[in-house]
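Participant: As they're listed, the protein sequences go chains G and F. Heads up: the first sequence begins at 1 in full-length UniProt numbering, then just goes up one per residue. Heads up: the second sequence begins at 1 in full-length UniProt numbering, then just goes up one per residue. All C-beta atoms in this analysis are idealised placements derived from N, C-alpha and C, irrespective of residue type, glycine included. If you scroll down you'll find the structure; I have some questions about it.
2 protein chains.
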Amino acid sequence: MNFQAELISIGNELLSGRTLNTHGRDLGEALSAIGLQLSRDTTIPDDIPTIGSAVDEALDRVDLVFVSGGLGPTIDDITRDALAKLLGQKIIIDQPTVEYLKSWYEKRGRTVTLAATRQAQVLESANVLPNSVGAAPGQRIELANGKTLFVLPGPPNEFNAILSEKIIPWLKETYADARPNLVSTVRTKGIGESDIVTILEEAGFAPKNVDLGFYPSMGKVEIRLTANPDHELQLVEAEQTLHKLLTNHLDLFD
Amino acid sequence: MNFQAELISIGNELLSGRTLNTHGRDLGEALSAIGLQLSRDTTIPDDIPTIGSAVDEALDRVDLVFVSGGLGPTIDDITRDALAKLLGQKIIIDQPTVEYLKSWYEKRGRTVTLAATRQAQVLESANVLPNSVGAAPGQRIELANGKTLFVLPGPPNEFNAILSEKIIPWLKETYADARPNLVSTVRTKGIGESDIVTILEEAGFAPKNVDLGFYPSMGKVEIRLTANPDHELQLVEAEQTLHKLLTNHLDLFD
């Protein structure tokens, strides 16, 4: 079992400049917090062959694949069809979702139409993940090779609701051995990124088992240290060394 | 010559939830405006083999590949090395960039360090694209197979400055035949997406050569019609039909 996940977002509007895609950030943050890792984030157009090949390649690389978008009632919503074709599965109508859609529409003073009930279409092997804030449900599809495919609606509030209510709890239980990386941050100000590098290189600073990330912005530099929980001591030592080496440049009141 | 482009953004911070990646939206918008099309947007970690394979696959699919991030002076900045390895090219120091970096640092009351001058490293065949708002320049690399690779720094203000100042003008000249799609928008309110679909389906509305996108939010639905400029008449007809069919639901005062 590996701890890596990929995200594939589907939608022409994400590639034309109309809509900013925030799923990668939100999913990356949610997975990191439980010790899993988003290892690739891909956005593709509403095109059945492209969806098929992109999902297939992701399932080759990692155990967990998230697909978002294209689950609505309109003709540009083709994700279900693309996945059914790729996986050789039938599309079925999920009756509890039909009932849910009826009451969802009634509450809004509307009648559920045939078009609306298209959103109750799921893959035959799907575990349906009810959507508490919108119409189309999510789906968890456990494949014969042990890999798991999650299918989520595109609107960020629906994506995030199903993720936090239905998927993260399942992942925490299923990947109970996963442990989040330890992260610590050293913030500096009034010194450039390359001057920091010079100081660290002259001091021979090259911590083992600790990843360093440098994020400059507006006269400040954030240094992020990341380590596996087995290497907590090395992380703490690296952080202390940075504090010593950069003592005159620390941004302590952030 | 095809009109499709792919973007590959590099950086662990884009996959951990630390940083929201806005390049896909900005590049997608800029390319659409000149008749080119962003056809895939991929974010990957700071890892040399992953960068190599992702860029290689993108160059297989399309004529224009944009790579962003990992061009700073620190040890997590490995994009140049990954591309040099993939393309079998040497990395050289661009002397005009060294001079620029010297004056850039001097203006900020700092001395340019050896670490800082790493940002003047470019691929041997690169056309250097000066950065008017930051340190590391962009690069345009024209490959023997007629494809073009653009390399851009990660910070959005630098990415966008080099894009608009150096790359879009070059693309407009090089792809002078490209014509932007025609786009028009019909906005509705007080009617659900699936009710709109029902109305359109009952009327047999299925315009040829016009792509439809439905974007619901907060009681409103935006319908975007997109067509090749050869099909302007069909786009106008489709828009007029939508106005008739949805006449009681139009959101005219947006």
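I'd like to know whether the C-beta of G24 of chain F is nearer than 8 Å to at least one C-beta of chain G.
Facilitator: True, the Cβ-Cβ gap to chain G drops below 8 Å.
Participant: Over what stretch of residues does the beta strand (DSSP E) that includes S39 of chain F continue unbroken?
Facilitator: Residues Q37 to I44.
Participant: Comparing the C-beta of Y175 of chain F with each C-beta of chain G, is any distance below 8 Å?
Facilitator: Closer than 8 Å: no.
Participant: With DSSP as the reference, label N21 of chain F as helix, strand or coil.
Facilitator: Coil, per DSSP.
Participant: Helix, strand or coil for K90 of chain F per DSSP?
Facilitator: Three-state result, K90 of chain F: coil.
Participant: Quick one, which residues of the segment 116-135 of chain G are near chain F if we go by CB-CB under 7 Å, in chain order?
Facilitator: So the close ones are A116.
Participant: When you compare the CB of I75 of chain G with every CB in chain F, is at least one pair closer than 8 Å?
Facilitator: Closer than 8 Å: yes.
Participant: Show which residues of chain F have a CB atom less than 7 Å away from the CB atom of V197 of chain G.
Facilitator: P73, T74 and A115, listed in chain order.
Participant: Does chain F have any CB closer than 8 Å to the CB of G28 of chain G?
Facilitator: Chain F, which has a Cβ nearer than 8 Å to the Cβ of G28 of chain G, makes this yes.
Participant: I want to verify the contact list: residues of chain G whose CB lies under 7 Å from the CB of G192 of chain F, in sequence order.
Facilitator: Those are R110, listed as they occur along chain G.
Participant: If we cut at 8 Å on Cβ distances, does Y215 of chain F have a partner in chain G?
Facilitator: Yes, Y215 of chain F counts as interfacial toward chain G.
Participant: Could you name the residues that DSSP lists as bridge partners for E6 of chain G?
Facilitator: Note: E6 of chain G sits in a beta bridge opposite G:R40 and G:V65.
Participant: Do you know how far the Cα of D76 of chain F is from the Cα of D46 of chain F?
Facilitator: If you take the alpha carbons of D46 of chain F and D76 of chain F, they lie about 7 Å apart.
Participant: Could you check whether the Cβ of S32 of chain F sits closer than 8 Å to any Cβ belonging to chain G?
Facilitator: Cβ-Cβ to chain G under 8 Å: yes for S32 of chain F.
Participant: Smallest Cα separation from G72 of chain F: which of F:P153, F:N2 and F:L101?
Facilitator: Measuring from the Cα of G72 of chain F, the nearest candidate turns out to be F:P153.
Participant: Closer than 7 Å, Cβ to any Cβ of chain F: which residues of the segment 40-57 of chain G, in chain order?
Facilitator: From the segment 40-57 of chain G, only R40, D41, T42, T43, I44 and P45 have a Cβ closer than 7 Å to chain F.
Participant: Taking L20 of chain F and T22 of chain G to be in contact with their CB atoms under 8 Å, please state how far apart those CB atoms are, rounded to whole angstroms.
Facilitator: L20 of chain F to T22 of chain G, Cβ: 6 Å. Contact.
Participant: Do you know whose CA, among G:M218, G:R40, G:D81 and G:G219, lies nearest I48 of chain G's CA?
Facilitator: Checked all of G:M218, G:R40, G:D81 and G:G219; the closest Cα to I48 of chain G is G:D81.
Participant: Which runs of the beta strand (DSSP E) spanning at least 3 residues fall entirely within the segment 117-196 of chain F, listed in chain order?
Facilitator: Runs found: 121-123, 127-129, 138-142, 148-152 and 182-189.
Participant: Over the uninterrupted alpha helix (DSSP H) stretch that includes G103 of chain F, give me the two end residues.
Facilitator: Before going further, note that residue 103 of chain F is Ser rather than Gly in the sequence given. Here the alpha helix (DSSP H) through S103 of chain F covers Q95 to K107.
Participant: Select from G:G192, G:E239, G:A206 and G:H243 the residue whose C-alpha is nearest the C-alpha of M218 of chain G.
Facilitator: The candidate whose alpha carbon is nearest that of M218 of chain G is G:G192.
Participant: Report yes or no: do the segment 191-207 of chain F and the segment 162-172 of chain F share at least 3 C-beta pairs separated by less than 8 Å?
Facilitator: Touching, no, given that fewer than three Cβ pairs across the two stretches are closer than 8 Å.
Participant: Quick one: what does DSSP say T113 of chain F is sitting in, helix, strand or coil?
Facilitator: The answer is coil: DSSP assigns T113 of chain F none of H, G, I, E or B.
Participant: If distances are taken between C-alpha atoms only, which option among G:L235, G:S68 and G:G109 comes closest to V183 of chain G?
Facilitator: Ranking the options by Cα distance to V183 of chain G, first place goes to G:L235.
Participant: Inspect the beta-carbon positions of E124 of chain F and Q89 of chain F and report whether they are closer than 8 Å.
Facilitator: Yes.
Participant: Mind listing the chain G neighbours of E13 of chain F? Cutoff is C-beta to C-beta under 7 Å, in chain order.
Facilitator: The contacting residues are G213 and Y215.
Participant: For F253 of chain G, count neighbouring C-beta atoms within 10 Å of its own C-beta (all shown protein chains included) and say buried if the count is 16 or more, exposed if not.
Facilitator: Exposed is the call here.
Participant: Nearest by alpha-carbon distance to I167 of chain G: which of G:L36, G:E13, G:N2 and G:I10 is it?
Facilitator: Here the closest residue by C-alpha is G:L36.
Participant: Establish whether the CB of L38 of chain F and some CB of chain G are separated by less than 8 Å.
Facilitator: Yes, its Cβ sits closer than 8 Å to a Cβ of chain G.
Participant: Along the segment 148-173 of chain G, what residues have a CB closer than 9 Å to any CB found in chain F?
Facilitator: Correct list: P155.
Participant: If the cut is a Cβ gap below 8 Å, which residues of chain F does E237 of chain G touch?
Facilitator: Neighbours of E237 of chain G on chain F: none; closest Cβ ~18 Å, over 8 Å.
Participant: Quick check on the burial criterion: 16 or more other C-beta atoms within 10 angstroms. Buried or exposed for D41 of chain F?
Facilitator: Under this definition D41 of chain F is a buried residue.
Participant: Note the first and the last residue of the continuous alpha helix (DSSP H) segment covering A238 of chain G.
Facilitator: Segment E232 to L245, the alpha helix (DSSP H) holding A238 of chain G.
Participant: Using a beta-carbon distance below 8 Å, is S16 of chain G in contact with chain F?
Facilitator: Closer than 8 Å to some Cβ of chain F, the Cβ of S16 of chain G qualifies, so yes.
Participant: Restricting to Cα atoms, I'd like to know which of G:E158, G:P155 and G:I34 is closest to W170 of chain G.
Facilitator: That would be G:I34, whose Cα lies nearest to the Cα of W170 of chain G.
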